[in-house]
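Chemist:
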Amino acid sequence: MENKPSKRAAATSSVHGGELRQQEANAITTPIYQTSTFWFKNSQEVMDYQEGKTDREEYGRYGNPTWRAVERKLSELEGGEETVLFASGMCAATTTFLALLPVNTHLIVTSDCYRRTRQFIDEFLGRMGVSVSVIEPSNLAQFEAAIRDDTSIFFTESPTNPYLRVADVPGFVEVAHARGVKVIIDSTFATPVNHRALTEDADLVIHSATKYLGGHNDLLAGTVTGAKEIVDPIRKALGVLGGIIDSHGAWLLLRGLKTLALRMERHNSNGLALARHLEAHPKVRKVWYPGLESHPDHAVAMRSMDGFGGVVTFEIETDLQGAIRFIDATQVPYQAPSLGGVESLIELPVTMSFWDYTPEQRKSWGITDSLVRFACGIEAPEDLIADVDQALEHV
Ligand SMILES: Cc1ncc(COP(=O)(O)O)c(C=O)c1O
22 MENKPSKRAA ATSSVHGGEL RQQEANAITT PIYQTSTFWF KNSQEVMDYQ
72 EGKTDREEYG RYGNPTWRAV ERKLSELEGG EETVLFASGM CAATTTFLAL
122 LPVNTHLIVT SDCYRRTRQF IDEFLGRMGV SVSVIEPSNL AQFEAAIRDD
172 TSIFFTESPT NPYLRVADVP GFVEVAHARG VKVIIDSTFA TPVNHRALTE
222 DADLVIHSAT KYLGGHNDLL AGTVTGAKEI VDPIRKALGV LGGIIDSHGA
272 WLLLRGLKTL ALRMERHNSN GLALARHLEA HPKVRKVWYP GLESHPDHAV
322 AMRSMDGFGG VVTFEIETDL QGAIRFIDAT QVPYQAPSLG GVESLIELPV
372 TMSFWDYTPE QRKSWGITDS LVRFACGIEA PEDLIADVDQ ALEHV
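My numbering applies: residue 22 is where the sequence shown begins, and numbers increase by one.
1) Quick check: does the Cβ of Met373 come within less than 6 Å of any heavy atom belonging to ligand 1?
2) Let me check one thing: in DSSP terms, what residues is Gly331 bridge-paired to?
3) Ligand 1 and Leu241: does any heavy atom of the ligand fall closer than 6 Å to the residue's C-beta?
4) Run the CB neighbour count on Met22, radius 10 Å, all protein chains shown included, and call it buried at 16 or more, exposed below.
5) Of all the alpha helix (DSSP H) runs that stay within the bounds of the segment 289 to 335, which reach a length of 4 or more residues?
6) Just checking, does the segment 326 to 334 make contact with the segment 280 to 294 on the three C-beta pairs under 8 Å criterion?
7) Can Ala113 and Ile227 be called in contact, C-beta distance under 7 Å?
8) Given this structure, state the Cα-to-Cα distance separating Leu392 from Glu314, to the nearest angstrom.
9) Taking 6 Å as the cut-off, is the C-beta of Asp340 nearer than that to any heavy atom in ligand 3?
10) Would you say Ser132 and Glu157 are within 7 Å of each other, going by their C-beta atoms?
11) Less than 8 Å between C-beta atoms, sequence neighbours within five positions excluded: which residues of the same chain meet that for Arg77?
12) Please classify Val151: is it buried, with 16 or more other beta-carbons within 10 angstroms of its beta-carbon, or exposed?
13) Do you know how far the Cα of Asp408 is from the Cα of Gln352?
14) How long is the line joining the alpha carbons of Ala301 and Leu275, rounded to whole angstroms?
15) Please classify Trp309 as buried or exposed, where buried requires at least 16 other C-beta atoms within 10 Å of its C-beta.
16) For Glu338, I'd like the list of residues in its chain whose CB is within less than 6 Å of its CB, leaving aside the five on either flank, ordered along the chain.
17) Hey, how far is the Cα of Leu185 from the Cα of Met68?
18) Under 8 Å by Cβ, that's how I've got Phe107 and Leu259 pegged, so tell me the actual separation to the nearest angstrom.
19) Run through DSSP, which three-state label would Ala108 get?
20) Return the chain-ordered list of same chain residues with a C-beta closer than 8 Å to the C-beta of Pro26, the five sequence neighbours on each side being excluded.
21) Around the C-beta of Pro311, are 16 or more other C-beta atoms found within 10 angstroms, so that it is buried, or is it exposed?
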């Protein structure tokens, strides 16, 4: 018996969604099924399974009951039919593209996609004859103009990194579906607690579950959620390409997801408090946070999101050396890539995620030497603010 009434709040779905109430030995939690394969009692059972008469596991690359609980929980949270779990967010994205893109097709992406997603699209899909148009984030007019007869997929993150641009999903979906184009949203920065793109008719939602879904900076995972019809070929591709999570990682994710709604409340309130504080600080030139009236997508965010997340991007009134003095003086956040865990993380995009690029490329994306990305954890807001204030004195 699965513990899944139809519609309930994210706080309840986080805890109970996807969990089987009747577990072995009346346990409350889902076990870690540490097995690579699953045995059949006799040949009849094998044949029944092959003919789809029984619902069970066969071999570890095709599924495991611990992952299944995660998949069901996320489907419930996203309001989607089916979820597939992967070893990482990149695995989720690459497997999805490989499974869904026809040959010699056209893809539209936004310019601020995660750099490894862009690298996969440019280097790997390019070799397979997929052509790509890159549009500005949130730019519906540019999107409409970029659609061609052979366009098959539109892919964007929402919110994006590092400027947290928020896509008007219903607007993109309306234009895309009228031209037979599928819409895929990387919702890593939003989580299903803050935004549910499937309920706005997006075709698929992708997550790097490494971030908020896992939530403890202790695992890597990825997910794809959508209607069964579109998810099935992705699941089959995973069985071939093999980018599966191990059952212990899946169990950590299942455990992390139980506190997702609770954690998001604090990520959201910390993000908003820090963004407001920084916006009023004399040493800060500009702050990007969708919850601020000054953000270009504030109206869309207010309409479509229930919270704006923990990531705050800001530019300090200084040069690279001043920004380095600031970041090295912070004492609460760790200087590290990633976001969404209980520990706050901080980075200078110029020395971390955008280091590989030329100054011209960075300039084209607006990545300046004094830009900071602060991914709030769940610490007390007054401690995050006090720490940032003392660090800004070093600028
Ligand atoms: C928005 C977004 N999507 C996908 C990824 C890739 O996820 P992973 O690191 O789990 O492979 C990242 C990683 O930073 C990301 O920020």
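We put the beta carbon where it would ideally sit given N, CA and C, even for glycine.
Modeler: Taking the structure as given:
1) no
2) Looking at the DSSP assignment, Gly331 forms no beta bridge with any residue, so it has no partner.
3) yes
4) Low confidence applies to Met22: its pLDDT is 46, below 50, so where it sits in the model is not reliable, and the reading given next is rough at best. Under this definition Met22 is an exposed residue.
5) 319 to 325
6) yes
7) yes
8) 20 Å
9) Ligands present in the displayed structure are limited to ligand 1, and ligand 3 is not among them.
10) yes
11) Phe59 and Tyr70
12) buried
13) 7 Å
14) 39 Å
15) buried
16) Lys304 and Arg306
17) 51 Å
18) 7 Å
19) coil
20) Residue placement at Pro26 is poorly supported in this model, since its pLDDT is 49, which falls under 50; the coordinates still yield a value, given next. There are no such residues.
21) buried
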